[in-house]
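These protein sequence lines map, in sequence, to chains A and B. For the first sequence, this note's numbering gives the first residue as 9, with consecutive numbering after it. For the second sequence, this note's numbering gives the first residue as 33, with consecutive numbering after it.
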Amino acid sequence: MARGELRIYLGAAPGVGKTYTMLEEAHRRAERGTDVAVAFVETHGRKHTQAMLGDLDILPRRTVGYRGAEFTEMDLDAVLARKPEIAVVDEFAHTNVPGSRNAKRWQDVQELLDAGIDVLTTVNVQHLESLNDVVARITGVEQRETVPDAVVRAAEQVELVDMTPEALRRRMAHGNIYRPEKIDAALGNYFRAGNLTALRELALLWLADQVEDQLDKYRADHGINATWETRERVVVALTGGREGDTLIRRAARIAARDKGADLMAVHVTRNDGLAGADPATLSRQRVLVESLGGTYHQVVGADVPRALLDFARAVNATQIVLGVSSRGKLAQLFSAGVGVTTTSMSGSIDVHLVTHERAAQGRRAQRLPAALSRRRRIAGFAATVAGLPALTAVLHVGPSLSLTNDILLFLAAVVGVSLLGGLWPALLAAVAGSLLLNYFFTPPIGRFTIAEGDNLLALAIFVVVALAVSWVVDTAARKTRQAAQAGADAQTLATVAGGVLRGERPLIALLDRLRETFALQSVTLLEDGVVVATVGDRACTVAGEADAEVKVDDHLKMLLRGRPLEASARRIVEAFAAQAAVALRQERLSAEAAAAKPLAETDRMRTALLAAVSHDLRTPLASAKAAVASLRSDEIHFDDHDRGELLATADESLDRLDRLVANLLDMSRLQAGALGVTRISVGVEDIVPRALDDLGPGGRDVTVHIPDDIPLVHADPGLLERIVVNLAANALRYSPPEHHPVITASVLGNTVELRVIDHGPGIPEDRWNDVFLPFQRLGDRDNHTGVGLGLALSRGLTEAMGGTLTPEDTPGGGLTMILALPAVSGT
Amino acid sequence: MTRVLVVDDEPQIVRALRINLAARDYDVDTAPDGLSALRSAAHHHPDLVVLDLGLPDLEGADVIRGLRGWTAIPIIVLSGRADSRDKVGALDAGADDYVTKPFGVDELLARIRAVTRRAQPAGEPPPVATIGRHRIDLAARSVATPGT
């Protein structure tokens, strides 16, 4: 005989509609002609569920006596004897009354299945064995009825009956789940929105687990709150050429593939005179990068690959995007390009070499020899030492030329050296050339004497021309270099200005840009010796620690750590410093403006508040005084009734005055931090009735549901009573006459939550914080709400006792105030 | 007998005044807010109004203007607002006197006597205007046309 199939309806909480859904399915099957019998269904008196039973065949239950009470259970033997095709058995996790054949209902179900009967059943997520402790932690309720996960997992089908917490709470408030007197308490306890959300998530996850075991591993790997530990950072290197657009878009796509990756574009401004960047192109690309959500950076460096990698490492980049070299094949023979060099030095950073339409087209004439690097000076000296003796040798053994031609050839050599190596090699070449000419080519040959005056003049002219030419060459080279440097500086400054204008905190952005541009460790701005802003690591706090110091004005000073500044860089840093001073002033001004706004607001508030307080103080004072003055009057005789009324007037007014003064004093004590709080262990069930007594006749309209097993709380009894009085008075004020406020208590972890629930108009969620501001009511329009101290004071007092006071919507309309206080452990 | 309308949203004040005035043989009407004050005035035609400025529905000055639209009966403002701007505002709106809370009962009574003495004797013309056939009752804000 084939074993029956088990179908389980899983729900996150009571009331989501498991039984109802199960019965729907039972009807569907019955209509198809299947023999369906209801072995056990618990309707909990819910009318929709009751109606759903309809004409289904309901098997009688078995009545069991236990400890003097009668219980009804599923009659297992009767079901087995009836042997329907499908048995409907509610509450899979139910524990049978002792003395039954099986301890648990799920064991009964196993027997049915073994007998070849298909079973439809229901279970709540809190009854699953594996989730038992989690559920207990969330809800604070220990579950005794559990069912092993394996049994549920073995079911042929598990169907989730899902409902959003809000809908469930609404359904509850409408009385569809529990009887009316249990509703408010349940909403405050098990059916808290937070509870239901957590339970629903548990149910969904448990089911997802069932569907896909992979998910479990995924969650274990990532942890439930996993954030990306390391962010991907993609750095795109821009040369200033037009291919940069392609590179930026490509890098943005790479960044988009990794969720949350950062995009950073960097342009290395070369300070060796080889700058080929077009500022207009760069500024356009900057806008492009920023529009794609990236940031633009600029660094100065002679060695592009090294500067690029330094930047990339400094920002913890994981990937670099570079364009394929656009240099010609010939140029690539002589030196490896930036891409190749960067790749070889990149270490753990991935380098993407991206091809673009301008690759390998060559760049048009831009690499003119300009600056005199050390290498070129050495080459100049080498050329002098090797070239002049060679020239001498060639002229000596070769066909004999006139002295004039010899001199011109030597002059050409000197000019060549000066073009190659600048002034100093040229000077050496001129002196050496003149000596060689003298020794080898002017009679008497082989001696350093000159016989003819003409020759002496020629040699002198040779030296002068050689020196002049080499000086001109050197000066030109120096100018070119200066121009290149100035160009780089100008680019940097342009970037500075742009960055400062754009940023939200201009000063920090500016200092950061400075640090980045000069590859510094830290930059600090001091005002009269006090640090006002700093970026980078190991900030200097005193002038002595800094590698460089720039004075801005009499008060401001900028300290740089990382490397000493050369004179040219200093100029730029000074410009930065001046900008920083402006930025600082700007930040201060906007801070002042921001501070002035609330001040003006406070001032307006204070005036209105003064009016409100003086009204609230004067009004009861006026009534009391009027009443007392009338009683003292000799000219009129009041009868006993009037005297009584006048005395009551005085009494009520003075009471009101007393409450107001007490609230005002407490509020000021609270704000001054001078409130005396004596926390002891108290029971909320003692405090609440006392507080309601204080409210006078109105207090009797408040319904109290406090379970017996609520632990003691750690609180000041006097203050707690005041809070409850305020909350209850508020709830009474806004409750409709036919729907009284309710006070409930529940346990959540280590806190006890006291809920004051009203069914009044409620407060929109965006105003929840405002109601806790003191002096909400301004002016003297309304005599009933007081100065608006009640809630502000209640929250202040609660927090002084280490608790919290938060509002929540009452399902079905109204406001619920949740007063959470630490429970006394061990009770 | 002089009829006084006491307008205040504070029940204790109203009660103290009612007892005092009644003991001195005034007829007393009371109203807890501006609109019922205007209604009561139109209905009972009091000889004097004692008015609080901070009412839950209307500003006291608006109540004064509402009354002054059709009657010149004395109005004494009885308010917790002690600022001179409030006093000027209320008096300019048409109040006859201004007493600040807390107040001496004797002083208030003396001021009530003073303004009633100055006020027109009982021959005050009814607040009714006639335009052609139409009879306009300014207090009740109603227009009656015979034959319609």
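We put the CB at the ideal spot given by N, CA and C, even for glycine. All figures in this text were calculated on a predicted structure; none of them were measured in a lab.
* To do: Return helix, strand or coil for A/R384, following the three-state DSSP convention.
  => In the structure shown, A/R384 sits in a helix (DSSP, three-state: H, G or I).
* Does the Cβ of A/Q679 have 16 or more other Cβ atoms within 10 Å, making it buried, or fewer, making it exposed? -> That one is exposed.
* Complete beta strand (DSSP E) runs within the stretch 385-426 of chain A (minimum length 3 residues, chain order) -> You should have found no qualifying run.
* Straight-line gap, A/E13 to A/K26 (C-alpha atoms, nearest Å) -> Rounded to whole angstroms, A/E13 and A/K26 show a C-alpha spacing of 18 angstroms.
* Neighbourhood of A/V46 by C-beta distance below 6 angstroms, restricted to the same chain and skipping five residues each side -> A distance below 6 angstroms between beta-carbons, with the five flanking residues on each side excluded, links A/V46 to the following residues of its chain, in chain order: L64, I66 and V96.
* Asked: Using a C-beta cutoff of 9 angstroms, does A/H182 count as contacting chain B?
  -> It does not; no Cβ of chain B falls within 9 angstroms.
* Closest by C-alpha distance to A/A20, when choosing among A/G461, A/N140 and A/G107 -> Closest by alpha carbon: A/N140.
* **Within chain A, the residues that B/R56 reaches when beta carbons sit closer than 8 angstroms** => Simply I644.
* To do: Report yes if the CB atom of B/V36 is closer than 9 angstroms to the CB atom of B/P78, and no otherwise.
  => A contact, by the Cβ cut-off of 9 angstroms.
* Any contact of the stretch 511-527 of chain A with the stretch 459-470 of chain A, i.e. 3+ C-beta pairs under 8 angstroms? -> Counting Cβ pairs under 8 angstroms, fewer than three are found: no touch.
* Asked: Which one of B/A172, B/A74, B/D115 and B/D65 has the shortest CA to CA distance from B/D41?
  -> Checking every option, the nearest Cα to that of B/D41 belongs to B/D65.
* Do you know offhand how far A/L735's Cα is from A/A682's? -> Approximately 23 angstroms between the Cα atoms of the pair.
* Asked: Is the shortest distance between the beta-carbon of B/A73 and the beta-carbons of chain A less than 9 angstroms?
  -> Answer no: the Cβ-Cβ gap between B/A73 and chain A never drops below 9 angstroms.
* Starting from A/T824, follow the beta strand (DSSP E) in both directions and report where the run begins and ends. => First-last of the beta strand (DSSP E) with A/T824: L823 to P830.
* For A/R730, count neighbouring C-beta atoms within 10 Å of its own C-beta (all shown protein chains included) and say buried if the count is 16 or more, exposed if not. => A/R730 is classed as buried because its beta carbon has at least 16 other beta carbons within 10 Å across all chains shown.
* To do: Could you check which residue in B/V38, B/T148 and B/G92 has the C-alpha nearest to that of B/A124?
  => The identity of residue 124 of chain B in the sequence shown is Asp, whereas the question assumes Ala. Between B/D124 and the set B/V38, B/T148 and B/G92, the nearest pair of CA atoms involves B/G92.
* Buried/exposed call for A/L317, threshold 16 Cβ in 10 Å -> It is buried - the Cβ of A/L317 has at least 16 other Cβ atoms within 10 Å.
* Could you check if A/M566 is buried or exposed, using at least 16 other CB atoms within 10 Å of its CB as the buried criterion? => Burial call: buried.
* To do: Pull up the DSSP beta-bridge partners for B/I168, would you.
  => Answer is B/A161 and B/V175, bridged to B/I168.
* **At least three beta-carbon pairs within less than 8 angstroms, the stretch 302-311 of chain A to the stretch 259-277 of chain A** => Flag = yes, the stretch 302-311 of chain A and the stretch 259-277 of chain A touch.
* If you check the beta carbons only, do A/H360 and A/I262 fall under 9 angstroms apart? -> Contact flag set, yes.
* Asked: Can you name the residues of chain B whose CB is closer than 9 angstroms to the CB of A/R775?
  -> Near A/R775 there are no residues of chain B at all, since even the closest Cβ is about 20 angstroms away, more than 9 angstroms.
* **Counterpart residues of A/G73 in DSSP-defined beta bridges** => A/G73 is bridged by DSSP to A/E78.
* Which residue or residues does DSSP assign as beta-bridge partners of A/D126? -> A/I94.
* Asked: Which runs of the alpha helix (DSSP H) fall wholly inside the stretch 161-199 of chain A and span at least 4 residues, in chain order?
  -> Listed in chain order, they are 173-181 and 188-196.
* Report the partner residues of A/S530 according to the DSSP bridge assignment. => Its beta-bridge partners are A/G544 and A/R569.
* Asked: Relative to the C-alpha of A/M60, which residue among A/L518, A/T615, A/E33 and A/G461 is closest?
  -> Relative to the Cα of A/M60, the nearest Cα in the group A/L518, A/T615, A/E33 and A/G461 belongs to A/E33.
* Output, in chain order, the set of chain B residues within a Cβ distance shorter than 7 angstroms of A/D663. => Chain B residues near A/D663: none, gap ~10 angstroms exceeds 7 angstroms.
* Inter-residue CB distance, A/G429 and A/A391 (contact presumed, cutoff 8 angstroms) -> Cβ atoms of A/G429 and A/A391 come within 8 angstroms of each other, at about 7 angstroms.
* Output yes if chain A places a C-beta closer than 9 angstroms to the C-beta of B/D138; else output no. => Interface flag for B/D138 against chain A is set, since a Cβ pair is found closer than 9 angstroms.
* To do: For the stretch 658-665 of chain A and the stretch 623-633 of chain A, state whether three or more C-beta atom pairs, one from each stretch, are separated by less than 8 angstroms.
  => Because the criterion of three Cβ pairs below 8 angstroms is met, the stretch 658-665 of chain A and the stretch 623-633 of chain A touch.
* **CB contact flag (A/M837, A/A800, <9 angstroms)** => Any property of residue 837 of chain A remains undetermined from this structure, which presents chain A solely from 9 to 835.
* First and last residue of the uninterrupted alpha helix (DSSP H) at B/K119 -> S116 to A125 is the span of the alpha helix (DSSP H), which, as asked, contains B/K119.
* Compute the distance between the beta-carbons of A/V24 and A/V72, then report whether it is under 9 angstroms. => No Cβ-Cβ contact shorter than 9 angstroms links A/V24 with A/V72.
* Can you tell me which of the three DSSP states A/P287 falls into? => Of the three classes helix, strand and coil, the one that applies to A/P287 here is helix, per DSSP.
* Does B/A69 have its Cβ less than 9 angstroms from a Cβ in chain A? -> No, B/A69 does not count as interfacial toward chain A.
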